[in-house]
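Structure record follows, encoded as structure tokens.
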Amino acid sequence: MSILGPGAVVVSEPFVRRDPQSTERVEIQEGLPAPAPPPYVEDLPSRPPEPLSWTGLDWLLVMAVTTFGAVLRFARLAYPNALVFDEVYYAKDACLYLAKGMRFCGTPAATEQSFVHPPLGKWIIAVGIRVFGFNSFGWRFMAAVFGTAMIPIAFLIGRKLFGRWGGVVTGLLVATDFLLIVQSRAAMLDIFLAFFVVLGFLFVVLERERVARMRYRGGGGLDLRWRLAAGASFGAAASVKWSGAYAFAAGGFLVVFWTVGTALAMRRAEAPGQRPRAPGPLTELNFTIIAMAFPFVAVYLLSYSVWFYDHHFSFSQFQGLQSSMLQYHLHLTQKHTYASPAWKWPLLWRPVAYYFTGGAKATHILAVGNPATWWPALAAGVWMAVQAFRYPHTAEGRRIAGQGGPVRTLSLRGGFPDFSPAPPRRSSRWSYLYGVLWAPATLVILAWLVQYLPWANFSRPQFFFYMAPIVPFMMLALAAMLRDIVRGYLRESALMASCLGAALLALAALLLFVHPFGFGVDLAGQRRIVEVAGVPILVLGLALALGYSEATAIYRKALVGVYLALACGVVLYYFYPVIAAWAIPFTQWQHRMLFPTWI
998 MSILGPGAVV VSEPFVRRDP QSTERVEIQE GLPAPAPPPY VEDLPSRPPE PLSWTGLDWL
1058 LVMAVTTFGA VLRFARLAYP NALVFDEVYY AKDACLYLAK GMRFCGTPAA TEQSFVHPPL
1118 GKWIIAVGIR VFGFNSFGWR FMAAVFGTAM IPIAFLIGRK LFGRWGGVVT GLLVATDFLL
1178 IVQSRAAMLD IFLAFFVVLG FLFVVLERER VARMRYRGGG GLDLRWRLAA GASFGAAASV
1238 KWSGAYAFAA GGFLVVFWTV GTALAMRRAE APGQRPRAPG PLTELNFTII AMAFPFVAVY
1298 LLSYSVWFYD HHFSFSQFQG LQSSMLQYHL HLTQKHTYAS PAWKWPLLWR PVAYYFTGGA
1358 KATHILAVGN PATWWPALAA GVWMAVQAFR YPHTAEGRRI AGQGGPVRTL SLRGGFPDFS
1418 PAPPRRSSRW SYLYGVLWAP ATLVILAWLV QYLPWANFSR PQFFFYMAPI VPFMMLALAA
1478 MLRDIVRGYL RESALMASCL GAALLALAAL LLFVHPFGFG VDLAGQRRIV EVAGVPILVL
1538 GLALALGYSE ATAIYRKALV GVYLALACGV VLYYFYPVIA AWAIPFTQWQ HRMLFPTWI
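Numbering-wise (the numbering used here), the sequence shown opens with residue 998 and increments by one.
Okay, structure coming up:
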């Protein structure tokens, strides 16, 4: 359907005729008329592309990865039967929220100790305590529930952005990530923060789909459902920890860009005097800000509803509390053994020990990432950045860039305005940037970096487990890179793929063969996990180095399958005792400490 109205005729300028079975350019013709097509007929389908339908296979896959993740999170959840690490603050404060009293909860005062964080996460912990009692299972139960619930949400995001198998791999990587497992088995706040951040970005992805459908149809009404849901989800994240506001900034920026940019494109495509077929840019901007900011603030204030009741709804006291929280975070200087700067987190240089007992057998809860997935995820982040900048050259990217360019000068041919887009090679910098910001890879990278980079500016003590809300987007990037390896990346990406493959192979060689030269880790002694970490990375590097040829497709698929089996199976099996507090012989525990800094 033409967005110019019934009977409008559009005369195209030089354009690219495409084979319906291919996205490659096959012919360029000058000045050929197009009888009554919609604008950009050569780049846009006549109707919105149908999303991949949800089938029984999807139900089976999402249930499988979610069940697997649930077993990893709930198995022996009550052990150790003691408060570990920051549970001494959050579990006790959650107990106080239930009005159990100082003696029952074991607190040194009648007021909460963790007031420097908003109350929502502690209220969620309190639900488990209310149902199961003030015991180790009760105060950890809700963390396991939210950690498990995050898996199908990550599956859905991956499926919508990168297809069915992209969703499966994302769900599997999230289900088996060491840090997310540990945080799901402890009464701390970070798993709730991660859950609400991922949920918020699911609504951002759904809003992206809605806006894309409106672009294809050439019009549509004002629909605020997903924006309201995203704002509320990010508000819940900030109500657990203030760092949830970083995710809100990233999601809000993308939604504003998509909605306002689409409104501008629709307005430019309208004929003079034509009735608008979509909300105007200013309307979209104002309603997007209201629809996301209002529930964000409302949810945050609602999380303090009990506090307001206890303090006679004094807003001045509330302001004083928020000021005290801010001053604490800005001026905290107390040293901590497990504190580490943000640049060390992706390298797994200094994880955090939540619990440890020694002797003939060691019992350990180590908050650490999986080296077989975290280190390749760094390469995947580079891969995603490259794919984001290549997106405007894809078929979908050309359609979006064509509609998202600057206002074109109108010329009349036979009494009708000409709205034909320039060919992609002539597109403006604005339309190119617009296409980049529509890329699925951009959403992943922006969600990753906007949550990570602010920590580099803080001088206060920081901890590795702050990575929890970032990990799902690292796994999304890795899943997308694995998909591209299996499908065969573009010839134009061969140089970048070769560089990343060489980097992964070099890392594997470093892990596997550096010890004969007198430095690094001694494979003959302790820390044999180096072999377990190095082999999966070696397999993945080989898969990436095999290139884009169809002749090597079967080998790439096999190698990616082997990599997932090693990284999400063998390495997980080897490491699980030291992330889930299994008692193992002391020498076996030593073998699992990759670096001396892990101890």
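Backbone N, C-alpha and C define an ideal beta-carbon position, used for all residues, glycine too.
Owing to the predicted nature of the structure, the values given are computational and were not obtained by experimental measurement.
| Can you name, in chain order, every residue of its own chain whose Cβ lies under 6 Å from the Cβ of residue 1458, other than the five neighbours on each side? | 1333, 1336
| query | For residue 1500, which residues of its own chain have a beta-carbon under 7 Å away from its beta-carbon, when the five flanking residues on both sides are left out? | reply | 1376
| Per-residue DSSP class, three states only, for residue 1085 | helix
| query | Can you round the beta-carbon distance between residue 1140 and residue 1184 to whole angstroms, since I take them to be within the 8 Å contact cut? | reply | 6 Å
| request: Use the C-beta contact count for residue 1084: other C-beta atoms within 10 angstroms, 16 or more gives buried, fewer gives exposed. | output: buried
| message | Would residue 1052 and residue 1472 qualify as a contact pair, given that the criterion is a beta-carbon distance under 7 Å? | response | no
| task | Count the CB pairs spanning the region 1310-1330 and the region 1445-1452 that are closer than 8 Å, and state whether there are at least three. | result | no
| field | Alpha carbon of residue 1163 to alpha carbon of residue 1344, nearest angstrom | value | 25 Å
| said: Looking at residue 1221: is its Cβ nearer than 7 Å to the Cβ of residue 1295? | reply: no
| query | Nearest to residue 1432 by CA position, among 1441, 1465, 1463, 1387, is which residue? | reply | 1387
| said: For the structure I just gave you, are there three or more beta carbon pairs, one from the region 1463-1483 and one from the region 1348-1360, closer than 8 Å? | reply: no
| field | Proximity below 7 Å, CB of residue 1150 to CB of residue 1195 | value | yes
| request: Specify whether the region 1054-1066 and the region 1113-1122 touch according to this definition: at least 3 beta carbon pairs, one from each stretch, less than 8 Å apart. | output: no
| query | In the region 1297-1353, which residue ranges form an unbroken alpha helix (DSSP H) of at least 4 residues, counting only runs that do not cross its ends? | reply | 1302-1307, 1312-1328
| request: Select from 1551, 1502, 1427, 1102 the residue whose C-alpha is nearest the C-alpha of residue 1485. | output: 1551
| query | Is the region 1459-1468 touching the region 1173-1181, taking contact as three or more C-beta pairs under 8 Å? | reply | yes
| Which of helix, strand or coil does DSSP assign to residue 1191? | helix
| request: May I ask you to list the residues that DSSP assigns as paired with residue 1361? | output: 1353
| task | Using alpha carbons as the reference points, say which of 1273, 1583, 1390, 1382 lies closest to residue 1356. | result | 1583
| message | Using a Cβ distance threshold of 8 Å, determine whether the region 1152-1163 contacts the region 1102-1112, with at least three qualifying pairs required. | response | no
| request: Thinking residue 1056 and residue 1088 are a contact (beta carbons under 8 Å), I'd like their distance in whole angstroms, please. | output: No, residue 1056 and residue 1088 are not in contact; Cβ-Cβ is about 35 Å, not under 8 Å.
| Buried/exposed call for residue 1309, threshold 16 Cβ in 10 Å | exposed
| Own chain residues within Cβ distance below 8 Å of residue 1244, not counting five before or after | 1194, 1197, 1198, 1231, 1234, 1444, 1447, 1448, 1466
| residue 1594: buried (16+ other C-beta within 10 angstroms of its C-beta) or exposed? | exposed
| query | I think residue 1126 touches residue 1091, with their Cβ atoms under 8 Å apart; what is that distance to the nearest whole Å? | reply | 6 Å
| query | By Cβ distance, which residues of its chain are closer than 6 Å to residue 985, with the 5 residues on each side in sequence left out? | reply | Absent from the model: residue 985. The displayed extent of the chain is 998 to 1596, so no value can be given.
| Residues sharing a beta bridge with residue 1582, DSSP | 1358
| said: Between the alpha carbons of residue 1581 and residue 1538, how many angstroms are there, rounded? | reply: 32 Å
| Cβ pair residue 1254, residue 1223 closer than 7 Å | no
| CB-CB length for residue 1438 against residue 1384, believed under 8 Å | 4 Å
| So what's residue 1456 in DSSP terms, helix, strand or just coil? | coil
| said: So, under 8 Å CB-CB, residue 1536 and residue 1568 are touching, yes? Tell me the CB distance rounded to an integer number of Å. | reply: Not quite, the Cβ-Cβ distance comes to about 12 Å (not below 8 Å), so this is no contact.
| field | CA-to-CA distance, residue 1247 to residue 1304, given in whole angstroms | value | 30 Å
| query | In angstroms, rounded to a whole number, what distance separates the CA positions of residue 1368 and residue 1570? | reply | 13 Å
| query | Using the C-alpha atoms, what's the distance from residue 1529 back to residue 1293? | reply | 44 Å
| message | Quick check: what's the CA-CA separation for residue 1170 versus residue 1565? | response | 7 Å
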